[in-house]
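What follows is a set of notes on a single structure, which appears directly below.
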Amino acid sequence: MTSTYVKDPAPAPPRPPETGTSRPLPRRAADWLTAFCFTLPALLLFGALVLAPILYAVYVSLFNWGGFGAPSDYAGLDNYTRLVHDPVFLGDLWRGLLLVLFSVCVQLPFALGMAVLLNRKLRGRALYRMLFFAPYVLSEVITGVLFSMIFAPDDGLADKVLGSVGLDGLGGLWFADQDHVLPTLFLVMTWKYFGFHMMLYLAGLQGIPAELHEAARIDGAGRWQRFRHITLPLLGPTVRISVFLSVIGAIQLFDLVWVVTQGGPDHHSETMAVTMFQFGFKRYQIGYASAISIAMFLISLVFALIYQRSVLRRDTRGALTAMRASR
180 MTSTYVKDPA
190 PAPPRPPETG
200 TSRPLPRRAA
210 DWLTAFCFTL
220 PALLLFGALV
230 LAPILYAVYV
240 SLFNWGGFGA
250 PSDYAGLDNY
260 TRLVHDPVFL
270 GDLWRGLLLV
280 LFSVCVQLPF
290 ALGMAVLLNR
300 KLRGRALYRM
310 LFFAPYVLSE
320 VITGVLFSMI
330 FAPDDGLADK
340 VLGSVGLDGL
350 GGLWFADQDH
360 VLPTLFLVMT
370 WKYFGFHMML
380 YLAGLQGIPA
390 ELHEAARIDG
400 AGRWQRFRHI
410 TLPLLGPTVR
420 ISVFLSVIGA
430 IQLFDLVWVV
440 TQGGPDHHSE
450 TMAVTMFQFG
460 FKRYQIGYAS
470 AISIAMFLIS
480 LVFALIYQRS
490 VLRRDTRGAL
500 TAMRASR
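Remember, our numbering sits 179 above the position in the sequence shown when you count from 1.
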């Protein structure tokens, strides 16, 4: 009897891991071509609807143009020089800064407090959520007309309510008074927009595990300690997005102001967007109005870049890390 010895085959050498740089050149070119074909429609729409109007506004801002015929009176940077010396535009910047501060320091904490309150088990909390969110559904035009009647001098609802409880001295001209118009306008803004931010915070609160609060409660943490050390840190990404949207909205505020005051009295409620509309469509100074629009665009762009770079950086980094891990 004979036996046959069969030698085991030698193990194959390990293959190097595939990386993006180790792919053959034709394959990488095909990947880039595929990605370009998929993004081309979006790039065309972005160029036609975003880039082209911006570039045309920059072009028009270099002319003294009334909007009729083709721009021909080249003015160079005169419109921008006029802009930085215009007391109305400088006042717009100051009022915009005040509205941003009011929104971040008053409106958003109020919305956060209401969200925390309505996140608890309350009787009829769904009804309260709907009622507080309802003003955001209304258009700015309807809101403006409504509050123009409420704060109408002498016979407005606000004066009648204050008079019925013996507080006649608190009534006044409201939107017609230079000292009261901005606080009154901010009151209307808070009524209109705080429900939107409240819903953002409610969505963020729903994502916080209840076990964390329960464990902290067992360890003896009070309500304020749980809010400070659990709720607020975990709600950080939502708060940062809410602040970003609030600041951008305050910079671009137009329709509500236009319906209620049209920037008056004597420019004391005017915003950059209202000033742009005044010069562009009432005084027919399209070149100067385009310069204002470019200034608004640059202010918003610089703020957005700085904010995303400094404040939203870790949120964006977390999202990118999650995307890479899911691949």
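Note that the Cβ used here is the ideal one computed from N, Cα and C, for glycine as well. The model shown is predicted, which means the values in this text are computed figures rather than measured ones.
For this session: Mark Phe-354 as exposed unless 16 or more other C-beta atoms lie within 10 angstroms of its C-beta, in which case mark it buried.
Result: Residue 354 sits at position 175 when you count from the first residue of the sequence shown. Its Cβ being crowded by 16 or more others within 10 Å, Phe-354 is buried.
Problem set entry | DSSP three-state assignment for Tyr-463, whether helix, strand or coil | As a first step, residue 463 must be located in the sequence shown, where it is residue number 284. In the structure shown, Tyr-463 sits in coil (DSSP, three-state: anything other than H, G, I, E or B).
Exercise. Is Phe-242 helix, strand or coil by DSSP?
Worked result: As a first step, residue 242 must be located in the sequence shown, where it is residue number 63. Note: Phe-242 maps to strand in three-state DSSP.
For this session: List the residues that DSSP assigns as beta-bridge partners of Tyr-253.
Result: Here the question's residue 253 lines up with position 74 in the sequence shown. In the DSSP assignment, Tyr-253 is bridged to Phe-242.
Exercise. In angstroms, rounded to a whole number, what distance separates the CA positions of Glu-295 and Leu-384?
Worked result: Position 116 of the sequence shown, counted from the first residue, corresponds to residue 295. Position 205 of the sequence shown, counted from the first residue, corresponds to residue 384. According to the sequence displayed, residue 295 carries Val and not Glu. Val-295 and Leu-384: Cα-Cα distance of roughly 8 angstroms.
Exercise. Ordered along the chain, which non-local residues of its own chain (more than five positions away) have a Cβ less than 8 angstroms from that of Phe-312?
Worked result: In the sequence shown, the residue the question calls residue 312 occupies position 133. Excluding sequence positions up to five before and after Phe-312, its CB lies within less than 8 angstroms of the CB of Gly-374, Phe-375, Met-377, Met-378, all in the same chain and listed in chain order.
Exercise. Buried or exposed: which applies to Met-475, given that a residue is buried once 16 or more other Cβ atoms fall within 10 Å of its Cβ?
Worked result: Your numbering for residue 475 matches position 296 in the sequence shown. Met-475 should be labelled buried.
Exercise. With DSSP run on the structure shown, which of helix, strand or coil describes Asn-298?
Worked result: Position 119 of the sequence shown holds residue 298. Residue state, collapsed to three classes: coil.
Exercise. When the Cβ atoms of the region 440 to 453 are set against those of the region 355 to 373, are three or more pairs found closer than 8 angstroms?
Worked result: Taking 8 angstroms as the limit for Cβ pairs, the verdict is that the region 355 to 373 does touch the region 440 to 453.
Problem set entry | For Val-344, the three-state DSSP class (helix, strand or coil) | Walking along the sequence shown from the start, residue 344 turns up at place 165. Note: Val-344 maps to coil in three-state DSSP.
Problem set entry | Length of the line joining the Cα atoms of Gly-150 and Leu-414 | Outside the shown range of the chain (180 to 506) lies residue 150, about which nothing can therefore be said.
Problem set entry | Spatially closest choice to Leu-391 from Trp-403, Ile-409, Val-316, by CA coordinates | Translated into the one-based positions of the sequence shown, residue 391 becomes position 212. When each option's Cα is compared against that of Leu-391, the closest is Ile-409.
Exercise. In this structure, does DSSP put Ala-470 in helix, strand or coil?
Worked result: Along the sequence shown, read from residue 1 onward, the residue named residue 470 stands at position 291. Looking at Ala-470 - three-state DSSP - the assignment turns out to be helix.
Exercise. How about Ser-479 and Ile-430: are their beta carbons less than 7 angstroms apart?
Worked result: The count along the sequence shown starts at 1 and reaches residue 479 at position 300. The count along the sequence shown starts at 1 and reaches residue 430 at position 251. For the 7 angstroms CB-CB criterion, Ser-479 and Ile-430 form a contact.
Problem set entry | Stretch-stretch touch, CB-based, cutoff 8 angstroms, three pairs: the region 249 to 261 with the region 458 to 471 | The region 249 to 261 vs the region 458 to 471: in contact.
Exercise. Below 7 angstroms between beta carbons: does that hold for Ala-452 and Leu-262?
Worked result: Position 273 of the sequence shown, counting from 1, holds the residue named residue 452. Position 83 of the sequence shown, counting from 1, holds the residue named residue 262. Judged by their CB atoms, Ala-452 and Leu-262 are not nearer to each other than the 7 angstroms cut-off.
Exercise. If you draw a straight line from the alpha carbon of Leu-277 to that of Arg-207, how long is it in whole angstroms?
Worked result: Taking the sequence shown and counting its residues from 1, the one referred to as residue 277 is at position 98. Taking the sequence shown and counting its residues from 1, the one referred to as residue 207 is at position 28. Answer to the nearest angstrom: the Cα atoms are 52 angstroms apart.
Exercise. Given Tyr-486, which residues of its chain have a CB within under 7 angstroms of its CB, disregarding the five upstream and five downstream residues?
Worked result: Reading the sequence shown from its first residue, position 307 is the one you call residue 486. Sequence-distant Cβ neighbours of Tyr-486 in its own chain, meaning closer than 7 angstroms and more than five residues away, are Phe-423.
Exercise. Given that a residue counts as buried once 16 or more other Cβ atoms are within 10 Å of its Cβ, and exposed if not, what is Val-324?
Worked result: Here residue 324 refers to the residue found at position 145 when the sequence shown is read from its first residue. Exposed: under 16 other Cβ atoms inside 10 Å.
Problem set entry | 6 angstroms CB neighbourhood of Gly-246 in its chain, flanking five on each side removed | For the purposes of this step, residue 246 is taken as residue 67 along the sequence shown, with counting starting at 1. Cβ within range, chain order: Tyr-463, Ile-465.
For this session: Quick one: grab the DSSP three-state call for Ala-400.
Result: Working through the sequence shown from its first residue, we reach residue 400 at position 221. In the three-state reduction of the DSSP assignment, Ala-400 falls in the coil class.
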